[in-house]
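All remarks here apply to the structure that follows.
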Amino acid sequence: METAYLKEYLAFSRTLNYAQASAELFVSQPTLRAHIHALEDEVGAPLTVKRGGALELSPTGKLFLKKARAIVKVVDESVEECRAFAAESSSLVVGTLDYPPFEDLLLGSIAAFKEECPDKHIEILFASGTYANVESVQAGKVDLSLFAHLRNRGCTDAVEPLSLPEGVSSFYLETGECLFWMNRTCPLFEKERISAADLEGYTLLLGNSRNMVCAGETVSDYFAAVGVAVEPDNQPCANYLDLYLSGLGETFGVALAGSRSGLRSSPDIRIFGVEDFSIPCELHVLCDPERLDACGSAFLERLKAAALAR
């Protein structure tokens, strides 16, 4: 049953005159008559009767008028309530890389935001897939995402500034460490201590985002500095963890220290570092501010403040 038809019926009932009601509603008389007949078809009884040349509401029409008023009132109140809620709420898709410090920051910020702005509501949806890259933020696949940037060898700055395309912004979270992964098919899987030289000639398996292409070059540079050659292989993947299973034999990949997932805890996956060097991994949070509504923007500022206060 169309709510618009009910509103037309309410207007029509005030005069029981199709000409006046159609003028008031800015619809043609044939259209108004068709809508009233449609309501009668749904109810299964006539809503008007003609007596003495004039239209009157039938007994069913009178009952329907009462019900129509109640329905329209509920609909109008519901619409207003939802509009008000929409103006004070936001749903954000966030990529966390399963990194506990960032997840803790998110949860703490939600609680603080609710306390500071009790009339506002933030919903956080956790992203699944390869979202920790600029491309995903630009495409709107995520609203916020943790972004791991490997520090270039020899860089003396505590935090390297990110070079980002127009429209994408970031704020610094903390500096972590880039480790590596291998699966049980790797010949080094059971080796107690692994040096860079052990990985001579190995394939470095990575995703194919711009950031992962750069990561491959950075990791290769660290190995080259100690006389070891590794070969980056950037492959498309639907999920970062897919790489853990697709790398066979003399293959390894990068892993964020402290990140957690069920697959990483498997006895068939090994997370390791090399004795020769460590690679700092600067963690930033990416977003496209233009995609955020007022509530989302307010939460982003709370999140930034919480990160700065850590």
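At position 110 of the sequence shown (counting the first as 1) the number is 1417 in my numbering, and the numbers step up by one without a gap.
From the three backbone atoms N, C-alpha and C, an ideal C-beta is built for every residue, glycine too.
> Roughly how many angstroms separate the alpha carbons of VAL1401 and ASP1595, rounded to a whole number?
Replying inline: Stepping through the sequence shown from its first residue, residue 1401 is reached at position 94. Stepping through the sequence shown from its first residue, residue 1595 is reached at position 288. Just so you know, the alpha carbons of VAL1401 and ASP1595 end up roughly 12 angstroms apart.
> With which residues is GLY1359 paired in a DSSP beta bridge?
Replying inline: What you label residue 1359 is simply residue 52 of the sequence shown in a count that begins at 1. Note: GLY1359 sits in no beta bridge, so no partner.
> Smallest Cα separation from GLU1473: which of SER1566, CYS1521, LEU1404 and LEU1593?
Replying inline: Here the question's residue 1473 lines up with position 166 in the sequence shown. Measuring from the Cα of GLU1473, the nearest candidate turns out to be LEU1593.
>> Could you tell me the alpha carbon to alpha carbon distance between SER1477 and SER1604, rounded to whole angstroms?
In response: Against the sequence shown, residue 1477 aligns to sequence position 170. Against the sequence shown, residue 1604 aligns to sequence position 297. The C-alpha of SER1477 lies about 13 angstroms from the C-alpha of SER1604.
> In terms of residue numbering, what span does the beta strand (DSSP E) encompassing VAL1561 cover?
Replying inline: Here residue 1561 refers to the residue found at position 254 when the sequence shown is read from its first residue. For VAL1561, the enclosing beta strand (DSSP E) begins and ends at 1558 to 1563.
>> So, at 6 angstroms on beta carbons, what are the nonlocal neighbours of ASP1405 in its own chain, with the 5 sequence-adjacent residues on each side left out?
In response: Here residue 1405 corresponds to residue number 98 of the sequence shown, with the count starting at 1. So the qualifying residues of the chain are SER1566, ARG1567 and SER1568.
> CB of ASN1459 to nearest heavy atom of the ligand SAH: below 6 angstroms?
Replying inline: With respect to the ligand SAH, the structure shown offers nothing to examine, as it has no ligands at all.
>> In whole angstroms, give me the CA-to-CA distance for ARG1491 and THR1558.
In response: Numbered from 1 along the sequence shown, position 184 holds the residue referred to as residue 1491. Numbered from 1 along the sequence shown, position 251 holds the residue referred to as residue 1558. Distance between the alpha carbons of ARG1491 and THR1558: 10 angstroms.
> DSSP three-state call for GLY1368: helix, strand or coil?
Replying inline: For the purposes of this step, residue 1368 is identified with residue 61 of the sequence shown, where counting begins at 1. Reduced to three states, the DSSP call for GLY1368 is helix.
>> Using CA atoms only, rank isn't needed, just tell me which of ILE1586, GLU1331, GLY1556 and ALA1503 is closest to ALA1632.
In response: Nothing can be reported for residue 1632, as the shown portion of the chain is limited to 1308 through 1617.
> Can you tell me where the beta strand (DSSP E) with PHE1319 in it begins and where it stops?
Replying inline: The residue given as residue 1319 occupies position 12 in the sequence shown. Note, PHE1319: premise wrong, no beta strand (DSSP E); alpha helix (DSSP H) at 1310 to 1322.
> Can you give the beta carbon distance from LEU1495 to MET1489, rounded, assuming they're within the 8 angstroms contact cut?
Replying inline: Within the sequence shown, numbered from 1, the residue matching residue 1495 stands at position 188. Within the sequence shown, numbered from 1, the residue matching residue 1489 stands at position 182. Indeed they touch by this definition, with Cβ atoms about 6 angstroms apart.
> In terms of alpha-carbon separation, which member of PHE1584, CYS1389 and TYR1551 lies closest to SER1573?
Replying inline: Residue mapping note: residue 1573 aligns to position 266 of the sequence shown, counting from 1. Ranking the options by Cα distance to SER1573, first place goes to TYR1551.
> Going along the chain, which residues of its own chain have a beta-carbon closer than 8 angstroms to the beta-carbon of LEU1471, five neighbours each way excluded?
Replying inline: One-based indexing of the sequence shown puts residue 1471 at position 164. The residues are VAL1441, SER1477 and LEU1593.
> How big is the Cα-Cα spacing for GLY1351 and THR1367?
Replying inline: Taking the first residue of the sequence shown as position 1, residue 1351 is located at position 44. Taking the first residue of the sequence shown as position 1, residue 1367 is located at position 60. Annotation: GLY1351 to THR1367 spans about 10 angstroms, alpha carbon to alpha carbon.
> Cα separation between MET1519 and PHE1454?
Replying inline: Taking the sequence shown and counting its residues from 1, one reaches residue 1519 at position 212. Taking the sequence shown and counting its residues from 1, one reaches residue 1454 at position 147. Cα to Cα, MET1519 sits roughly 11 angstroms from PHE1454.
>> Spatial neighbours of LEU1362 within its chain, please: C-beta separation below 6 angstroms, excluding the five flanking residues on both sides.
In response: For the purposes of this step, residue 1362 is taken as residue 55 along the sequence shown, with counting starting at 1. Result list for LEU1362: LEU1323 and THR1355, in chain order.
> So, LEU1370 versus SER1320, is the Cβ gap smaller than 7 angstroms?
Replying inline: As a position in the sequence shown, residue 1370 is number 63, starting the count at 1. As a position in the sequence shown, residue 1320 is number 13, starting the count at 1. LEU1370 is not a Cβ neighbour of SER1320, given a cutoff of 7 angstroms.
> CYS1521 lies in the beta strand (DSSP E); which residues open and close that run?
Replying inline: Within the sequence shown, residue 1521 is the residue found at index 214, counting from 1. Counting along the chain, CYS1521 falls outside any beta strand (DSSP E), though it belongs to the alpha helix (DSSP H) covering 1517 to 1531.
> How many angstroms separate the CA atom of GLU1347 from the CA atom of PRO1353?
Replying inline: Indexing the sequence shown from 1 puts residue 1347 at position 40. Indexing the sequence shown from 1 puts residue 1353 at position 46. Spanning the two alpha carbons is a distance of roughly 5 angstroms.
> Does the Cβ-Cβ distance between GLY1554 and LEU1610 come in under 7 angstroms?
Replying inline: Translated into positions along the sequence shown, residue 1554 becomes position 247. Translated into positions along the sequence shown, residue 1610 becomes position 303. Not a contact, by the Cβ cut-off of 7 angstroms.
> Is CYS1462 helix, strand or coil when you go by DSSP?
Replying inline: Indexing the sequence shown from 1 puts residue 1462 at position 155. When secondary structure is reduced to three states using DSSP, CYS1462 falls in the coil class, being assigned neither helix nor strand.
> To the nearest angstrom, how far is it from the Cα of TYR1547 to the Cα of PRO1425?
Replying inline: Along the sequence shown, read from residue 1 onward, the residue named residue 1547 stands at position 240. Along the sequence shown, read from residue 1 onward, the residue named residue 1425 stands at position 118. Rounded to the nearest angstrom, the gap between the Cα atoms of TYR1547 and PRO1425 is 37 angstroms.
> Whole beta strand (DSSP E) runs in the stretch 1446 to 1502 with 3 or more residues, listed along the chain?
Replying inline: Counting only runs of at least 3 residues, the stretch 1446 to 1502 fully encloses the following beta strand (DSSP E) elements, listed from N- to C-terminal order: 1451 to 1457 and 1476 to 1490.
> Going by C-alpha distance, which of ALA1612, LEU1607, CYS1602 and VAL1561 is nearest SER1396?
Replying inline: By one-based count along the sequence shown, residue 1396 stands at place 89. For the set ALA1612, LEU1607, CYS1602 and VAL1561, the Cα lying nearest the Cα of SER1396 is the one of CYS1602.
>> Do THR1482 and GLU1589 count as a contact pair if the criterion is CB distance below 7 angstroms?
In response: If you number the sequence shown from 1, residue 1589 lands on position 282. If you number the sequence shown from 1, residue 1482 lands on position 175. Cβ distance < 7 angstroms, so GLU1589 and THR1482 count as in contact.
> According to DSSP, is PRO1543 helix, strand or coil?
Replying inline: For the purposes of this step, residue 1543 is identified with residue 236 of the sequence shown, where counting begins at 1. Under the three-state reduction of DSSP output, PRO1543 falls in the coil class, being neither helix nor strand.
> How would you call VAL1382, buried or exposed, if buried means at least 16 neighbouring beta carbons within 10 angstroms?
Replying inline: Within the sequence shown, residue 1382 is the residue found at index 75, counting from 1. Only exposed fits VAL1382, as fewer than 16 other CB atoms lie within 10 angstroms of its CB.
> Quick one, are the C-beta atoms of SER1329 and ALA1613 less than 7 angstroms apart?
Replying inline: For this step, residue 1329 is matched to residue 22 along the sequence shown. For this step, residue 1613 is matched to residue 306 along the sequence shown. The criterion of a C-beta distance shorter than 7 angstroms is not satisfied by SER1329 and ALA1613.
> The alpha helix (DSSP H) spanning GLY1415 covers which residue range?
Replying inline: By one-based count along the sequence shown, residue 1415 stands at place 108. Run containing GLY1415: 1407 to 1423, per the alpha helix (DSSP H) assignment.
> What number of angstroms, rounded off, separates the C-alpha of VAL1379 from the C-alpha of ILE1429?
Replying inline: The residue you call residue 1379 lines up with position 72 of the sequence shown. The residue you call residue 1429 lines up with position 122 of the sequence shown. Our two residues, VAL1379 and ILE1429, have alpha carbons roughly 30 angstroms apart in a direct line.
>> Our contact map puts PHE1584 next to VAL1533 with C-beta atoms below 8 angstroms; I'd like the distance itself, whole angstroms only.
In response: Translated into the one-based positions of the sequence shown, residue 1584 becomes position 277. Translated into the one-based positions of the sequence shown, residue 1533 becomes position 226. About 7 angstroms separates the two Cβ atoms, so the contact holds.
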